[in-house]
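Structure record follows, encoded as structure tokens.
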Amino acid sequence: MSEGIGARVARKEDKRFITGKGKYTDDIRMENQAYAAFVRSPHAHARVTGIDASAAEAMDGVVAVLNGAQLTGDGIGNIICGWAITSKDGSPMNMGAWSALATEKVRYVGDAVAVVIADSQAQARLAAEAVDVSYEVLPAVAMADKAMEGNAPQIHDNAPGNMVYDWEIGDEAATDAGLAAATHITELEITNNRLSPNPMEPRSAVATFDASEDHYTLYTTSQNPHVARLVLSAFYNVAPEHKLRVIAPDVGGGFGSKIYIYPEEITCLWASMKTGRSVKWTSDRSEAFLTDAHGRDHISTAKMGFDANGKITGFKVDTIANFGAYMSLFSSAVPTYLYATLLSGQYNISNVYCGVKGIYTNTVPVDAYRGAGRPEACYLIERMLETAARELNIDPAELRRRNFIQSFPHETPVIMTYDAGDFDGNLDKAQAAANLAGFPARKAEAAARGKLRGIGYSCYIEACGIAPSAAVGSLGAGVGLWESAEVRVNPVGTIEVLTGSHSHGQGHETTFAQIVAERFGVPIDNVSIVHGDTDKVQFGMGTYGSRSGAVGMSAIVKAMDKVEAKVKKIAAHTLEASEDDIVIEGGEVKVAGTDKSMAWHEVGLSAYMAHNLPEGMEPGLKEGAFYDPVNFTFPSGTYIAEVEVDPDTGVTEVVQFTAADDFGTIINPMIVEGQVHGGVAQGIGQAMLEQVIYDDDGQLVTGSYMDYTMPRASDVPFYTIEHNTTVCPNNPLGIKGCGEAGAIGAPPAVINAITDAIGTNDLQMPATPQAVWNALQMVKAPMAAE
Amino acid sequence: MTSVTMTVNGKSVTREVPDTTLLSEFLREDLRLTGTHVGCDTSQCGACVVHVDGKAVKSCTTLAAAQDGAAVTTIEGVASGGDLHPMQAAFNQHHGLQCGFCTPGMIMAGIDMVNRYQAEGKALTSEAIRHELEGNICRCTGYHNIVKAIEDAASNMSTVPAAAE
Amino acid sequence: MYPTKYHKAESVAGAVAALAAAEDGRVLSGGQTLIPTMKQHLAAPSDLVDVRNVAGMQGVTVGPGTVTIGAATKHADVAASAELRQHIPGLAALAGGIGDPAVRAMGTLGGSIANNDPAADYPSAVLALNATVITDRREIAADDYFDGMFATALEDGEIVTGVRFPVPTRAAYSKFPNPASRYAMVGVFVAETGGSVRVAVTGAGSDGVFRHGGLESALSANFSAGAVDGVAVEADMMMSDIHASAAYRAHLVSVVAKRAVDAALA
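Here the protein sequences line up with chains U, B and D, keeping their order.
Letter 708 of the first sequence, counting from 1, is numbered 708 in this note's numbering, and no numbers are missing.
One rule links them: number in this note's numbering = place in the second sequence (from 1) + 1000.
One rule links them: number in this note's numbering = place in the third sequence (from 1) + 2000.
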């Protein structure tokens, strides 16, 4: 089957994108459309003492200027975080109030205080500048460690010490004992740099209120339109769900940043009702840097103990996580259940303990960004292992092998149960593909050119396919994390699959069609995938956490099971055979071992003609299913980076990057490898280029591509990708997920390679030329350096 | 307001627009050619690249009024009839796009660089492609397949014999 | 952007007149800096006078011992000029490395030096080559032209129409790009003319493009990369920002100067 599971099929959705016919939110223009421009705080922390909109209201084209008092007065609810985390003392997390338009206080630069609705975008933006907001400026704090200090400004009244929560996992006493028994302890202080997700399509929303039906329609850049509708309805009181349609059309990348329901969508919906106009807002990149949720931003201290054989005796971590000014939708889960639960890595460790303090600062909210917690965990573990190997003078691959988990299922001390994997196999494949044996010669050749060549490993594991609903519910999640699907076979045999997953670059229109082609033998061109519209798809939890394959496709499989059962019944009835003897093969429905068959489309036609169906069978051929995973999935792999450092300048080039991933079953290797390419590039970006910087007053310094370094084509190499597949035992296709691996696994491999090249472990991300050069000066003259 | 006349994708168009109208806005809002995208405001991402008088330029960084009289080609204009341009076909074949947002600019930049290198008789190596893409940012693909696609399209667009290098 | 009035000038005189008539007019050339600045509401000229099509401001002209480049000549055309590649290849190479291909297809020499961005490439060439800036009303020696960040000797309403570069014995530019913007974080142009060397540094100085006397003396005595080693490049005159400290920039000036010397000798 050339189009089924495992086939490198070119993407069906490409044609509209390569011809300029994609339909993104900003491409949509409604009749009678007006434009929104937000009045944003220039201060990181201030009391709003007055808003004078009179000058703006008098300007050409201005329809309305609306503020937070009006918004809350109309009953629009505060923005919420959907995962309740309990501190170690049993107290609930301290969620500060977050209104879509600030009322009394602003808490970060970019916090919206008012919105101008005008006939054109230019008019709206000019008028927004003319809204005169009076502020009483308050002291601000941008760094999480500083926000914990006693004299730090208080950002929310209900969060003393700016503490969101003080949470822990693992057995601290046992871990301390494990460390006490160690013959060697490796200790590192590690920051995980703050990042801006930067999907290339800026966020956008077009909201329309139809007064005659009391009905709202929202086009928006969302990874999960049903969740948006649910939250907009249940918590923000915009409209009841049956009066609100949310459509996420073509979406230009998300990486987590388009999971959340932001103030702008809420405001556009409400403003549409207030003004009787369709209201469009499209972010520009500067606004995106100010307002899109950021990622990472951890400060950690970590201790790992080893016995005389190099076996890990304990791993203890303390982490401070910067939440920004408000708790975004998923934020609380990221530095807890998506992070600390992965701190056992690929290793058989009896004792792991992690304490996490979540801290408010005067910065934009921090939430899940590609990998979400797992890159932070992987970076810690893999830097610890590599550093320990250097300290113990053991080969870094060998030290890992001594500690690898060898049998499955394996229960870690941080509540995960790994179901399958082959960590030695991943490492073997990566080492072979990277031509490890040739490294000394490559290093010598580089040295002859005046370059320092280094090699670094990363053996990552992640928990994907989020997640079993009851399990996450017991941990505080506010929703179930199942997925739904509907498979409709038309009377002519073509098939529509309605899925709650959302594709914003992942290629679902192709991959999902391939599993249908595999199952029913129809060409993928006869299968269409419908997603992203709450009026079409019954429900869905959306796409994030590498869940569309493991969870979304599992729902499709469940629906296909039901379709297949009905097809077999119809065929058995028509062909006068036993259901058990019916097989579906090559586009035909056959009686096994005979020449009796029906074409696939004849079954569809029979189902809808309903002239001759089995007794009591309903007409039609359409089945739906909800799939709730029974466990997380655990993609794993080994990445090996090789870098060359120019000692004159600190400029570092990733010259070779090898990935050996275990993603479980792969439907379309071309698409899966594309996910790895993109993830690795983002990982290299985190390791060497990207960092959001706020100054001490909470002003965003990296507010555009002039100062925030995006990976460009010349910053990254061609990647070598290998697959080392163990099938996931817990879902029908055996899929583990591939969307985040690159971003999780790459940063430690790159930093381990750079520190190998320059001969010091004292290096934080991003390893910019300046940072690497500084580290080299420390190596040369540790006392003299600044 | 200024009256602007251009030849866009082979057709003459005239519109009255404010003097502040960017070429990208003229294409997207006045002509509703929404394949040209805007991904930044500092002229770095390249999602807005179109051809003006045969050369790749950033349509977000030039005024429509300043391009009065110009011949403009957008992503909607590069296929001939039903046939994809070799650069478009290569992006599909090599999986050179994921979310598709940077893709129009990438394709327009790719065609431009192949044209320039072929005009000068220079070989378009993968290293040269990476360098030439300095003004085009993609967040999805890690560039691997974009570089492969442009390399392949260059060979399919080739008018210069291979021996020329 | 804020409202503005666009004018297309046909001649230098017409452009000067349009600027004079404007309340707060600006010359628009390639627009690769001005348009983004206006989009971000950081500039709000009442009028834009587009000089891209002005006759006499185009192209590369070789004279006795000089090459003159029209102010409205695009970077791509400067880079591709066979005459320039023959006479001052280092300048053609500089133009071929400005921004990215799409920027080079629009941006112009005149726009670059009139704006005098402290991280722009061209000012270093104008200064190191001891060029003469030609305006609608006078000629200005390079040493008198640049006046700190974003500041020049140009009067209100004065338009750069071209730059005349003396042909050096050898010259080259080397750039260490800012990782984010790809503007010069440190750019060094070295030019030797008859045994005398001028060295101009862009991107690094806390007050824009500047000449470095120490490097000039050392390279005038011995035009080799090795000569740079003995020259102290002080950090106190360097810019410091999130991308590079003053000390790192000072170090890079030496490294990049050596690379420029090597390129000039190649």
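Beta carbons are placed, not taken as given, at the ideal position from N, Cα and C, and that holds for glycine.
Between the alpha carbons of residue 306 (chain U) and residue 180 (chain U) lies a gap of roughly 10 Å.
For residue 469 (chain U), the closest C-alpha among the options U:488, U:630, U:509 is that of U:630. If you check the CB distance, residue 28 (chain U) and residue 206 (chain U) come in under 8 Å.
Along the segment 693-720 of chain U, going in chain order, the ones with a CB nearer than 7 Å to a CB of chain B are 704, 705, 706, 710, 712, 713, 714, 716, 718, 719. The three-state reading of DSSP puts residue 1061 (chain B) in helix, counting H, G and I together.
According to DSSP, residue 215 (chain U) shares a beta bridge with U:210. In its chain, beyond the 5 residues on either side, 2123, 2124, 2184, 2187, 2209 have a beta carbon closer than 6 Å to the beta carbon of residue 2202 (chain D). For chain B, the residues of the segment 2-20 of chain U that bring a beta carbon within less than 9 Å of one of its beta carbons are 8, 10, 11, 13, 14, 15, 16, 17, 18, 19, 20, in chain order. By the rule that beta-carbons nearer than 8 Å mark a contact, residue 1092 (chain B) touches chain U. Taking all protein chains in view, the Cβ of residue 707 (chain U) is crowded by 16 or more other Cβ atoms within 10 Å, so the residue is classified as buried. For residue 233 (chain U), none of the residues of chain B pass the 7 Å Cβ criterion, the least Cβ distance being about 28 Å.
Residue 2244 (chain D) belongs to the set of residues whose beta carbon lies under 8 Å from a beta carbon in chain U. Here the alpha carbon of residue 81 (chain U) sits roughly 15 Å from the alpha carbon of residue 472 (chain U).
Below the 9 Å Cβ cutoff, chain U contributes 649, 651, 769 as neighbours of residue 2176 (chain D), in chain order. When the Cα atoms are used, residue 2002 (chain D) and residue 753 (chain U) turn out to be separated by approximately 49 Å. For residue 33 (chain U), no alpha helix (DSSP H) segment is defined; the enclosing uninterrupted segment is the beta strand (DSSP E) at 33-40.
The beta carbon of residue 168 (chain U) lies closer than 6 Å to those of 88, 355 in the same chain, with the five residues before and after it left out. The beta carbon of residue 2046 (chain D) is closer than 6 Å to those of 2022, 2023, 2024 in its chain, skipping five residues each way along the sequence. Using beta-carbon distances, residue 1048 (chain B) does not count as an interface residue toward chain U, since no partner is under 8 Å. Rounded to whole angstroms, the gap between the alpha carbons of residue 627 (chain U) and residue 549 (chain U) is 12 Å. If you draw a straight line from the Cα of residue 1002 (chain B) to the Cα of residue 670 (chain U), it is about 49 Å long. For residue 1104 (chain B), the residues of chain U that pass the 7 Å Cβ criterion are 20, in the order they occur in the chain.
It is roughly 21 Å from the alpha-carbon of residue 203 (chain U) to the alpha-carbon of residue 500 (chain U).
Of the residues assessed, residue 249 (chain U) falls on the buried side of the cut-off, its CB having 16 or more other CB atoms within 10 angstroms.
For residue 1088 (chain B), there is no enclosing beta strand (DSSP E); the residue is part of the alpha helix (DSSP H) that begins and ends at 1086-1093. Close to residue 2098 (chain D), with beta-carbon spacing below 8 Å, lies no residue of chain B; the smallest spacing is near 11 Å.
Going by DSSP, residue 2248 (chain D) is part of no beta strand (DSSP E) but of the alpha helix (DSSP H) stretching over 2246-2265. Close CB contacts of residue 274 (chain U) within its chain, under the 7 Å cut and outside five residues either way in sequence, are with 64, 66 (chain order). Bounds of any alpha helix (DSSP H) do not take in residue 154 (chain U), whose DSSP letter is neither H nor E.
The CB of residue 2032 (chain D) comes closer than 7 Å to the CB of 1043, 1061 in chain B, given here in chain order. Per the C-alpha coordinates, the member of D:2264, D:2258, D:2263, D:2266 positioned closest to residue 648 (chain U) is D:2258. Counting along the chain, no beta strand (DSSP E) covers residue 8 (chain U), and no H or E run does either. Cβ atoms of residue 245 (chain U) and residue 217 (chain U) come within 8 Å of each other, at about 5 Å.
It is roughly 13 Å from the alpha-carbon of residue 654 (chain U) to the alpha-carbon of residue 682 (chain U). Burial check for residue 492 (chain U): the Cβ neighbour count within 10 Å stays below 16, so the residue is exposed. One alpha carbon belongs to residue 189 (chain U), the other to residue 172 (chain U), and they sit about 19 Å apart.
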